[in-house]
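Heads up: the protein sequence lines correspond to chains X and S, in order.
Residue numbering for the first sequence follows my numbering, starting at 1111 and increasing by one per position.
Residue numbering for the second sequence follows my numbering, starting at 1111 and increasing by one per position.
All C-beta atoms in this analysis are idealised placements derived from N, C-alpha and C, irrespective of residue type, glycine included.
Note that the structure is a prediction, hence the values are computed from the model and not measured.
Working notes for the structure below.
There are 2 protein chains.
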Amino acid sequence: MTIKAQFDHSNCEDCPIRHRAVCARCDADELEELESIKYYRSFEAGQTIIWSGDQMNFVGSVVAGIASLTQTMEDGRTQMVGLLLPSDFVGRPGREVAPYDVQATTDVVMCCFRKKPFEELMATTPHIAHRLLQMTLDELDAAREWMLVLGRKTAREKIASLLSIIARRDASISQKGLAGPIVFDLPLTREAMADYLGLTLETVSRQISALKKEGVITLEGKRHVTIPDMGRLMEEAGDDSDGGFLV
Amino acid sequence: MTIKAQFDHSNCEDCPIRHRAVCARCDADELEELESIKYYRSFEAGQTIIWSGDQMNFVGSVVAGIASLTQTMEDGRTQMVGLLLPSDFVGRPGREVAPYDVQATTDVVMCCFRKKPFEELMATTPHIAHRLLQMTLDELDAAREWMLVLGRKTAREKIASLLSIIARRDASISQKGLAGPIVFDLPLTREAMADYLGLTLETVSRQISALKKEGVITLEGKRHVTIPDMGRLMEEAGDDSDGGFLV
DNA sequence: GTCCCCACTTGATCTCCATCAAAGTAACCA
DNA sequence: TGGTTACTTTGATGGAGATCAAGTGGGGAC
């Protein structure tokens, strides 16, 4: 039924997209048309990929790096509304205008498709529309999960939730599961974390210090995190769900 | 392209669904199959329509009344993650299990389709999948807009934002546009509003009293609201966007 | 080397909203 | 008619996190 089931994406070298995303290389086995409209773009850390309100002329997947979706109020308050990790999809088939800023948080490589041809392809290729619907439903679930974090969790729980998401996502990419300590580099500045969590950067810093002091996490330098006990972290996050949300 | 463009739904009497939703009556003009798998269900105010974690065996649209999607933590903190007004769609094609509680906030009538037949229909009928994708994208936008409200707005701005959404949604149903005073009944208790806004019911009550005292809104009884100046309310909400998000 | 810059940490204080508590209002029912 | 119940308002108080303000540390340019 899905492409994923038919191909072993781990051998798909020049397309590091392993799941969920529309994968140009792999689809090309079935759909040469996709191959012909795909192209790659690179962005430097800090660069804005799409401005809110801009005409969108492409859709695509993040191949490498991390991008963020943010909304900003006139007075400068900003809220991150999504985190795009490798394999995540960007863009709205059928929409003209981008609803939020998309920014490269680290250096980013994207695999793009021109929007018009992609939409035409989608109209004639039911399973692409299907996959897109599934991905959109995943994002919707993630957004709603995040609403609980923003609306009801304490600062400490928010930090733990964010660490837990990144850790899980990281672990799932490196295929190791959740047993044993988990090690990763924080891809976000304290300020970006604050924007994601609806906090200030000072509060983020204080809470990270507290978690560190209490041994819930270990820090080497400012970004390199070790989580000795994932269960403990999830307790701190107030998570009953055994997780699995992604964006 | 869309059904909406082909039919005048305002004449579609026993199907009050006017836009966005999968509309059984109207689709029936094209798709007799849909007609054959649809049925109606009623729920009383307060009743739980779907429990989080339950097997979902139907999808459908809200025909009348208001339902809410909520998440709850073990310790009882709850966050509303969506408000379902008439014409909104409920259910996840392709998903087995409900991710949140769905509760009838007022008395609710739903137009349901058994999930299996609906999914089969979707697989063979591209434009249903398309419409569902568009609806899901709308919900995603709404969820992300709401993340800004939850993460960055003050209590007063949150209240103004909620009133503004309900007012706009109401106005769009009654086709009057936004000029002149807008009148509507609050469909939510103070507690439900608090759960939507990430506040306590006391704070909701205080802020509503404040807005009333300052003439931003008028109250008759506890629920009947008049908004003399929509622009003023949107200023209070901190909204630059001229709006249009729905869920 | 050392200077600078940027990300981060830590401290002191303030404020908005949560919490606890009590009283008011209206609908409903016996 | 009065009493019960569910919803709402209002008051008093406290605390989590914002805000303002220094200070730290590491990496890169020269």
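- Interface annotation, residue 1251 of chain X: in contact with chain S, CB-CB separation under 7 Å.
- Considered as a whole, the segment 1285-1320 of chain X harbours 1292-1295 as its complete beta strand (DSSP E) runs of no fewer than 3 residues, in chain order.
- At a cut-off of 7 Å between beta-carbon atoms, residue 1260 of chain S makes contact with chain X.
- Contiguous alpha helix (DSSP H) elements confined to the segment 1181-1253 of chain S occur at 1225-1234, taking only those with 4 or more residues.
- In this structure, the straight-line span from the alpha carbon of residue 1321 of chain S to that of residue 1200 of chain X is close to 39 Å.
- Neighbourhood of residue 1265 of chain S in chain X, by CB distance below 9 Å: empty, with the nearest CB roughly 12 Å away.
- Contact check for residue 1220 of chain X and residue 1178 of chain X: beta-carbon distance about 14 Å, past the 8 Å limit, so the pair fails to qualify.
- Residue burial annotation: residue 1215 of chain X is buried, with at least 16 other C-beta atoms found within 10 angstroms of its C-beta.
- Here the segment 1238-1253 of chain S lies against the segment 1185-1200 of chain S, with 3 or more beta-carbon pairs under 8 Å apart.
- Setting aside the 5 residues that flank it on each side, residue 1260 of chain S is surrounded in the same chain by 1308, each with a C-beta closer than 7 Å to its C-beta; the list follows chain order.
- Its chain contains 1152, 1153, 1154, 1155, 1174 and 1175 as the residues whose beta carbon lies nearer than 8 Å to that of residue 1217 of chain S, once the 5 sequence neighbours on both sides are disregarded; these appear in chain order.
- The beta-carbon of residue 1227 of chain X is placed no less than 7 Å from the nearest beta-carbon of chain S.
- Take residue 1166 of chain S, set aside five residues on each side of it, and the residues of its chain with a beta-carbon closer than 8 Å to its own are 1160, 1201, 1202, 1205, 1206, 1207, 1208 and 1225, in chain order.
- Among the residues facing chain X, residue 1191 of chain S is included, as its CB has a counterpart in that chain under 7 Å away.
- Taking each of X/1157, X/1189, X/1246 and X/1318 in turn and checking the Cα distance to residue 1330 of chain X, the smallest one comes out for X/1318.
- Secondary structure note for residue 1346 of chain X: its alpha helix (DSSP H) is the uninterrupted segment 1340-1346.
- Membership of residue 1155 of chain S in any beta strand (DSSP E) is not indicated, and neither H nor E is assigned to it by DSSP.
- Note that the segment 1291-1303 of chain X touches the segment 1331-1344 of chain X; at least 3 beta-carbon pairs, one per stretch, sit closer than 8 Å.
- For residue 1169 of chain X, the closest alpha carbon among the candidates X/1227, X/1187 and X/1158 is that of X/1227.
- Around residue 1272 of chain X, the same chain offers 1303, 1306 and 1307 as residues with beta carbons nearer than 7 Å, after the five sequence neighbours per side are excluded.
- Closest option to residue 1262 of chain X, judged by alpha-carbon separation, among S/1162, S/1180, S/1163 and S/1150: S/1180.
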